[in-house]
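Novice: Mind having a look at this structure? Questions to follow.
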Amino acid sequence: MRNNRSSEDYLETILLLSKKLPVVRSVDIATELNFSKPSVSVAMKHLRENECIEVSSAGFITLTEKGKQIASSVYERHTVLSDWLISLGVSPETAVNDACEMEHQISDESFQAMKEFIKKHTSE
Numbered sequence: 001m002r003n004n005r006s007s008e009d010y011l012e013t014i015l016l017l018s019k020k021l022p023v024v025r026s027v028d029i030a031t032e033l034n035f036s037k038p039s040v041s042v043a044m045k046h047l048r049e050n051e052c053i054e055v056s057s058a059g060f061i062t063l064t065e066k067g068k069q070i071a072s073s074v075y076e077r078h079t080v081l082s083d084w085l086i087s088l089g090v091s092p093e094t095a096v097n098d099a100c101e102m103e104h105q106i107s108d109e110s111f112q113a114m115k116e117f118i119k120k121h122t123s124e
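Position 64 (the sequence shown) corresponds to 64 in this note's numbering; numbering is contiguous.
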C-alpha cells in the first residue's frame, strides 16, 4: 500500500527518530522536519486514523505494524537510491535530495528491478 508523500515522510521520520531517541513526540517530529507543531498535530491525527501510528496518553508516538512497513519501505528506497546516485558520482547532498523526490515516485516494479541490477553489478 502506498500512502501520499507527506504521510510517507512523516512515517520515515518517526522511524528514524525512534532509532535515536528513547521516545518520539510530536515536538521531535516538528523540530526534525522544521514544521509547525499544529501541522504535525494534524498529520499525526491522520496517521492515527489510518492506523499507522499509536499515541500514548503521555504523547509518545509509535509506529503500528502497518506504519513500520510503510516507513521501512520508504527508508529502504531512500537509502538505495541515494547510495546508487552517489556511486554514479552525484554529490551526496544532491543525491540525498534527489532520492527524497524519487523514493515517492518510483514504482515497486522499477525499484525491485533497480535493486536487482545494483546487486548483480556490485557482486561482479
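Backbone N, C-alpha and C define an ideal beta-carbon position, used for all residues, glycine too.
Output the distance between the C-alpha atoms of I53 and A71, rounded to the nearest integer angstrom.
Specialist: Between I53 and A71, the C-alpha separation is close to 11 Å.
Novice: By DSSP, does I14 sit in helix, in strand, or in coil?
Specialist: Three-state DSSP puts I14 in a helix.
Novice: Could you check which residue in M44, I106, K120 has the C-alpha nearest to that of E76?
Specialist: The candidate whose alpha carbon is nearest that of E76 is I106.
Novice: Using a Cβ-Cβ cut-off of 7 Å (strictly less than) and excluding sequence neighbours within five positions of R128, which residues of its own chain qualify?
Specialist: As displayed, the chain neither begins before 1 nor continues past 124, which places residue 128 out of reach and without an answer.
Novice: At the level of alpha carbons, what is the spacing between V27 and K19?
Specialist: So the two alpha carbons sit approximately 16 Å from each other.
Novice: Can you tell me which of T122, R25, K115, S41 puts its alpha carbon nearest to the alpha carbon of F60?
Specialist: Here the closest residue by C-alpha is R25.
Novice: What's the gap between the Cα of L88 and the Cα of S82?
Specialist: Distance between the alpha carbons of L88 and S82: 10 Å.
Novice: In terms of residue numbering, what span does the beta strand (DSSP E) encompassing L63 cover?
Specialist: That run of the beta strand (DSSP E) goes 61-63.
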